[in-house]
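Visitor: So the protein sequences, as listed, match chains V and Z. Residue numbers are given in our numbering: position 71 of the first sequence equals residue 62, and the series is strictly consecutive. Each position in the second sequence, counted from 1, maps to that position plus 10 in our numbering. We treat Cβ as the ideally placed atom computed from N, Cα and C, and that holds for glycine. Treat the numbers as computed from the prediction; the structure is a model and nothing was measured.
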Amino acid sequence: MQAFTTIYASGVIWGFHVGDMLVQLFFFLLLLFLVGKFAWGPVMNMMKKREEYVASEIEAAENSRQEAEKAAKEATEQLKQMKLEAQKIIEDAKNAGVKQEQDIIDSARLEADRIKKAAQAEIQNEKEKALQALQDQVASLSVLIASKVIEKELSAQDQEKLINEYIKEVGEER
Amino acid sequence: MGHEAPIVHDVFGISWLDFNLSNVFMIIVTSAIVFILSVLGARKLKMKPTGAQNVMEWVLDFVKGIVNDTMDWKTGKLFLPLALTLFSYILVGNMLGVITNGVHDHNVWWKSPTADPGITMTLAAMVIVLSHFYGIKLRGGKEYVKDYFRPLPFLFPIKIIEEFANTLTLGLRLFGNLYAGEVLLTLLVGLTTSGVLGFIGGAIPFLAWQGFSLFIGGIQAFIFTMLAMVYISHKVSEEH
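Below is the structure:
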């Protein structure tokens, strides 16, 4: 309890002193200025800078994400287009093939027909020629054979007679 | 063990100019510590904060939260440096007195500067004067005067009283808490140094009270900053 009484006995150790107030005011304002300039100002600037940096980074990320999305969409679109085109090319090729095939068959058939006809004509010709030749041959042969046969049995008189008859016949035909 | 204050009367022959040299000393010490700590904390600022910068940014965010609670950030950012300085100055001042009290030649030299009503009232008055100043500056004289008659004209006298009451309570709350804390600490120091029994009886309450004083010191710094911002926002904000 001694301490309590001493404080009481000595009276107050505080009081309103104008000098203190002026000093306090001056030092507080000085402190306010100094820490603002040398401590909090730079810290606040740094925090603001970081905030801006983060914001810009987020924006950039957002942008690139959108770009990537757009590119992916474009690629898909292009792929689709490509597929369609490929489909079309295959289809065209198929059609062309079919058509060509038909053409080749048709032309082959025509060619075959033509060759066949030519061959038939040739055959006909040859046949006729052969027949003609045969006829000629047969005629002469028959004459020869006949003459051989007749030669043996025909007398000179009869021969004479026969010759005349033939001459006559020939003369009539003329 | 007579504790007295080293008071110098009538400096330069001016009758009203008195100095309590211990207050002057502690004001300078507190200001210097706050300044040195702040500047040390603000060294080597980087985009990726480390160490002291984290602490500084935490404090800044904390005080920013106080300001944001009372007014919108557009006007609030004007007062952030003030709030920061008030908070750090009062906090450091409070802590200095809790850690130790120094006595030299029967004079108390080392104590909390905030345990003096003159000093706390100076801070409070400064805050109130700033609130009036910014109230007029940001909203114009007409709106400022009109505010005294809102919401009802006959409340005008109460509004006037409120201004003084605000100043008084703001300053004296801080002073009262800190001074009471110091008185009790001094008593407990006296008790623990008075003898063996006194030491046994006084040591534990002394430790407990010192811890509690630390807590009070932090709380009071917070409350003072918070109320300062509330009073300023009353003057600078459009809506009530």
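Is the CB-CB distance between G212 of chain Z and T196 of chain Z below 8 Å?
Guide: Taking 8 Å as the Cβ cut-off, G212 of chain Z and T196 of chain Z do not qualify as a contacting pair.
Visitor: According to DSSP, which residues form a beta bridge with I17 of chain Z?
Guide: Its beta-bridge partners are Z:N30.
Visitor: Please classify D97 of chain V as buried or exposed, where buried requires at least 16 other C-beta atoms within 10 Å of its C-beta.
Guide: Exposed, by the Cβ-count rule.
Visitor: Is the segment 74 to 81 of chain Z close to the segment 49 to 56 of chain V, with three or more CB pairs under 8 Å?
Guide: Output reads no: the segment 49 to 56 of chain V does not touch the segment 74 to 81 of chain Z.
Visitor: How is the alpha helix (DSSP H) around S98 of chain Z delimited, first residue to last?
Guide: Unbroken alpha helix (DSSP H) run through S98 of chain Z: 83 to 109.
Visitor: Work out the CA separation of L125 of chain V and K107 of chain V for me, nearest whole Å.
Guide: Rounded to the nearest angstrom, the two C-alpha atoms are 26 Å apart.
Visitor: Name the chain Z residues whose beta carbon is nearer than 7 Å to that of A30 of chain V?
Guide: Going along chain Z in sequence order, the residues near A30 of chain V (Cβ under 7 Å) are S48, V49, G51, A52.
Visitor: Ordered along the chain, which non-local residues of its own chain (more than five positions away) have a Cβ less than 6 Å from that of Q123 of chain V?
Guide: Nothing meets the Cβ criterion.
Visitor: Does the Cβ of N30 of chain Z have 16 or more other Cβ atoms within 10 Å, making it buried, or fewer, making it exposed?
Guide: Buried, since its Cβ has 16 or more Cβ neighbours within 10 Å.
Visitor: In chain order, what are the residue ranges of uninterrupted beta strand (DSSP E) at least 3 long that sit wholly in the segment 125 to 199 of chain Z?
Guide: Runs found: none.
Visitor: Suppose you measure from the CA of V9 of chain V to the CA of V34 of chain Z; what does that come to, to the nearest Å?
Guide: Approximately 11 Å between the Cα atoms of the pair.
Visitor: Return the Cβ separation of I141 of chain Z and I233 of chain Z in integer angstroms, given the expectation that the two are a contact with Cβ distance under 8 Å.
Guide: In the sequence on display, residue 141 of chain Z carries Ser and not Ile. The Cβ separation is near 17 Å, so there is no contact.
Visitor: Compute the Euclidean distance between the alpha carbons of E173 of chain Z and I138 of chain Z, then round it to the nearest angstrom.
Guide: Cα to Cα, E173 of chain Z sits roughly 8 Å from I138 of chain Z.
Visitor: Which residues bound the alpha helix (DSSP H) around P215 of chain Z?
Guide: First-last of the alpha helix (DSSP H) with P215 of chain Z: 206 to 246.
Visitor: Buried or exposed: where does N86 of chain V fall if 16 or more other Cβ atoms within 10 Å of its Cβ makes it buried?
Guide: Its Cβ having fewer than 16 others within 10 Å, N86 of chain V is exposed.
Visitor: Say whether chain V places a C-beta atom closer than 8 Å to the C-beta of I168 of chain Z.
Guide: False, the Cβ-Cβ gap to chain V never drops below 8 Å.
Visitor: For T132 of chain Z and chain V, any beta-carbon pair shorter than 8 Å?
Guide: Closer than 8 Å to some Cβ of chain V, the Cβ of T132 of chain Z qualifies, so yes.
Visitor: Are three or more beta carbon pairs between the segment 27 to 41 of chain V and the segment 150 to 159 of chain Z nearer than 8 Å?
Guide: No, the segment 27 to 41 of chain V does not touch the segment 150 to 159 of chain Z.
Visitor: Whose C-beta lies closer than 8 Å to the C-beta of N155 of chain V among residues of the same chain, with five residues either side of it excluded?
Guide: Here the set comprises nothing.
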